[in-house]
Structures are given as C-alpha cells and as structure tokens.
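Enquirer:
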Amino acid sequence: MSDVEGIKRELRAAIDACQPDGTYDDATFERIHSLIGELVPHTPVPRPIDRQEFVASPWGSHFAQFGPRHTAGKPIRHVSSLKLQSFGVFGDIPIRVHEIDQEIRVEGRHYNNVTEIATPDEAHRAQLIVWGRYDIPEDRPQRYSVEFYAVEIVPPEGVSADDLRARFGLAADAALRRELKPPRLHSDVVYCDEDMRINFGSMGGVYVMNRKPGPGKSVAFA
117 MSDVEGIKRE LRAAIDACQP DGTYDDATFE RIHSLIGELV PHTPVPRPID RQEFVASPWG
177 SHFAQFGPRH TAGKPIRHVS SLKLQSFGVF GDIPIRVHEI DQEIRVEGRH YNNVTEIATP
237 DEAHRAQLIV WGRYDIPEDR PQRYSVEFYA VEIVPPEGVS ADDLRARFGL AADAALRREL
297 KPPRLHSDVV YCDEDMRINF GSMGGVYVMN RKPGPGKSVA FA
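Take 117 as the starting number for the sequence shown in the working numbering and just add one per residue.
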C-alpha cells in the first residue's frame, strides 16, 4: 500500500507541476502518463460493475487530457465556448471553463458532467450540466457506457434566468435546458480508491479525478 500511496503522491505532484499557463512540457506530460501506467494495475476495484456504490460520488477533475496526444496539456481552466461544451445545442458563445466535476450516482444511474463556467471577462458565473445515464455491460466490467440526454445552464443562487441569458449573450427567450440526441460514449474506470479515480475515455481522453466531500451539484448524495 505504501508503494501505491507513493505513486499517487508523485502523480499528484507531477500534475501540479504545470507551466504558468496550466499546460505541461513534454517531460512532465510523459511522467504523468508513466505514473498512471504504474498505478492502474494496483486498482482496488478491478470490476467497478461489482462496486458501483463505491465508485459513486462527486468527483473533481485534477488532470484532463481531452483527447489524443495533440490536445494534451490543455489546462482544466481554459477558454472554450458554449457550443463545444454542450455538444452543439447552444450557440458559439465564448466562455471560460473554471472547474469540471463529474457526479456518478447509482440511484437513477446518473453520470453527469458539471462544468463551472464564466463569461470571458470573468464577471459572471454559471454551471453547465450535461445530464447522462450510465450502464455497465457484463462483458466490460470497467466500462461505463454513457448516454448524455440533456444540457442545462444553471444560474447561481440569486441570479434570475433572464439575467443569466443577458450576461452570457443568450436570446431573451432561449431555453436554458435542451434535450440532446444522445451521443453514446464510454469511459473505462481503470483505477478507483478512496480518494482518486482514473478514467480512459472513448475519444482518447485521460482523466485523473479526486473524490469530493459534501453534497453534489446536479444530484444529492446520501
């Protein structure tokens, strides 16, 4: 166990050793992937299908490689657009991404992505929730097959829907929750313990997440 904890400490230190803009040099990036490779065989949950309640939690992204190698090193805090973050159901409106959480709950089979977003000038904030439901096939016990079915922009407490629309440049009558033609994606939970989870995504993504205490943002946790 001490070896595992040592690898985890090294991995977290490597993730934190980003450049001032949040990206990574090649050596650090390769070190992160090397440590992930060392850690994965030690997962205490080799079959998440049998430990779904243990995997269930709010999780905060610590390292996110959003696709193949050429996108590696993009920091979690980055410039994006509502269109990109919503599978195209909202317009091409610029935003800043601040935090990316994932909330997995067995009841309701929730697999929701919760992104803290801001206007480009950082003056206004909101949450963008991509609602998903998961299934785990018997023959792929690590694989969360996910169907994302709706996207919603949620204003902060005390901010009206009308004010949110105005602040983010949405039309006055724009629906803040929109249904998706569900993209079918998957994410393999290749490592999970009491405080860390590592996922390999269907589009080449690699994610290191930390378990978060307290209530969820999209759904409640007991």
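Where a beta carbon is used, it is the ideal one built from N, C-alpha and C, also for glycine. Here the structure is a predicted model, which is why all the values come from computation and not from measurement.
Assuming LEU322 contacts ARG294 under a Cβ cut-off of 8 Å, what Cβ separation, rounded to an integer in Å, is found between them?
Expert: Here residue 322 is taken as the residue at index 206 of the sequence shown, counted from 1. Here residue 294 is taken as the residue at index 178 of the sequence shown, counted from 1. Correcting the residue identity first, residue 322 is Val in this sequence and not Leu. Wrong, their Cβ atoms sit about 29 Å apart, outside the cutoff.
Enquirer: Based on Cα-Cα distance, which residue from SER150, ASP311, GLY317 lies nearest to ALA172?
Expert: Residue 172 sits at position 56 when you count from the first residue of the sequence shown. Answer by Cα proximity: ASP311.
Enquirer: Whole angstroms are fine: how far does the CA of PRO271 sit from the CA of ALA239?
Expert: Position 123 of the sequence shown, counted from the first residue, corresponds to residue 239. Position 155 of the sequence shown, counted from the first residue, corresponds to residue 271. Approximately 13 Å, taken between the alpha carbons.
Enquirer: Nearest to PHE170 by CA position, among PHE264, GLU219, ILE269, is which residue?
Expert: Along the sequence shown, read from residue 1 onward, the residue named residue 170 stands at position 54. Ranking the options by Cα distance to PHE170, first place goes to GLU219.
Enquirer: Just grab the DSSP bridge partners of MET325 for me.
Expert: Along the sequence shown, read from residue 1 onward, the residue named residue 325 stands at position 209. For MET325, which the question treats as bridged, DSSP gives the partners SER177, ARG313.
Enquirer: If you run the structure through DSSP and keep just helix, strand and coil, what is ASP251?
Expert: For the purposes of this step, residue 251 is taken as residue 135 along the sequence shown, with counting starting at 1. Reduced to three states, the DSSP call for ASP251 is strand.
Enquirer: Tell me the residue span of the alpha helix (DSSP H) that contains ARG256.
Expert: Reading the sequence shown from its first residue, position 140 is the one you call residue 256. Run containing ARG256: none; DSSP gives neither H nor E here.
Enquirer: Report all residues from its chain with a CB closer than 8 Å to the CB of GLN135; omit the five preceding and five following residues, and keep chain order.
Expert: Position 19 of the sequence shown holds residue 135. Cβ neighbours of GLN135 beyond the five flanking positions: ASP141.
Enquirer: Could you check how far apart the C-beta atoms of ILE245 and SER334 are, in whole angstroms? I think they sit under 8 Å.
Expert: Within the sequence shown, the letter at position 129 stands for residue 245. Within the sequence shown, the letter at position 218 stands for residue 334. So it is a contact: roughly 5 Å between Cβ atoms.
Enquirer: Sort GLU232, TYR227, GLN258 by Cα distance to ARG212 and report the nearest one.
Expert: In the sequence shown, the residue the question calls residue 212 occupies position 96. Taking only the C-alpha atoms, the option nearest ARG212 is GLU232.
Enquirer: Label ILE161 either buried or exposed according to how many other C-beta atoms from any shown protein chain fall within 10 Å of its C-beta, with 16 as the threshold for buried.
Expert: Taking the sequence shown and counting its residues from 1, one reaches residue 161 at position 45. According to the sequence as given, residue 161 is Val; it is not Ile. The residue is buried, with at least 16 neighbouring Cβ atoms inside 10 Å.
Enquirer: Whose C-alpha, out of ASP217, GLU215, LEU200, is nearest the C-alpha of ILE209?
Expert: By one-based count along the sequence shown, residue 209 stands at place 93. Answer by Cα proximity: LEU200.
Enquirer: Specify, as a first and last residue, the run of the alpha helix (DSSP H) that ILE152 falls within.
Expert: Translated into positions along the sequence shown, residue 152 becomes position 36. Note, ILE152: alpha helix (DSSP H), 142 to 155.
Enquirer: If you count every other CB in all the chains shown that lies within 10 Å of the CB of ARG221, and 16 or more means buried, which is it?
Expert: For the purposes of this step, residue 221 is identified with residue 105 of the sequence shown, where counting begins at 1. Under this definition ARG221 is a buried residue.
Enquirer: If you reduce the DSSP assignment to three classes, tell me which class ARG128 lands in.
Expert: Position 12 of the sequence shown, counted from the first residue, corresponds to residue 128. Reduced to three states, the DSSP call for ARG128 is helix.
Enquirer: At the level of alpha carbons, what is the spacing between PHE337 and ALA288?
Expert: Reading the sequence shown from its first residue, position 221 is the one you call residue 337. Reading the sequence shown from its first residue, position 172 is the one you call residue 288. Distance between the alpha carbons of PHE337 and ALA288: 34 Å.
Enquirer: Can you list, in chain order, the residues of its chain whose CB lies under 8 Å from that of ILE131, leaving out five sequence neighbours each side?
Expert: For this step, residue 131 is matched to residue 15 along the sequence shown. ILE148, HIS178, PHE179, VAL324.
Enquirer: Among ARG327, ASP309, PRO331, whose alpha-carbon lies nearest the alpha-carbon of HIS158?
Expert: As a first step, residue 158 must be located in the sequence shown, where it is residue number 42. Looking at the Cα atoms, ASP309 is the closest of the given residues.
Enquirer: Can you name, in chain order, every residue of its own chain whose Cβ lies under 6 Å from the Cβ of GLN168, other than the five neighbours on each side?
Expert: Locating residue 168 in the sequence shown gives position 52, counting from the first residue. These residues qualify, in order along the chain: VAL222.
Enquirer: Is LEU292 helix, strand or coil by DSSP?
Expert: By one-based count along the sequence shown, residue 292 stands at place 176. Three-state DSSP puts LEU292 in coil, outside helix and strand.
Enquirer: Cβ of GLN181 versus every heavy atom of the ligand MN: is any distance shorter than 7 Å?
Expert: With respect to the ligand MN, the structure shown offers nothing to examine, as it has no ligands at all.
Enquirer: So is VAL329 buried or exposed if we call it buried at 16+ other beta carbons inside 10 Å?
Expert: Translated into positions along the sequence shown, residue 329 becomes position 213. It is Pro, not Val, that sits at residue 329 in the sequence shown. It is exposed - the Cβ of PRO329 has fewer than 16 other Cβ atoms within 10 Å.
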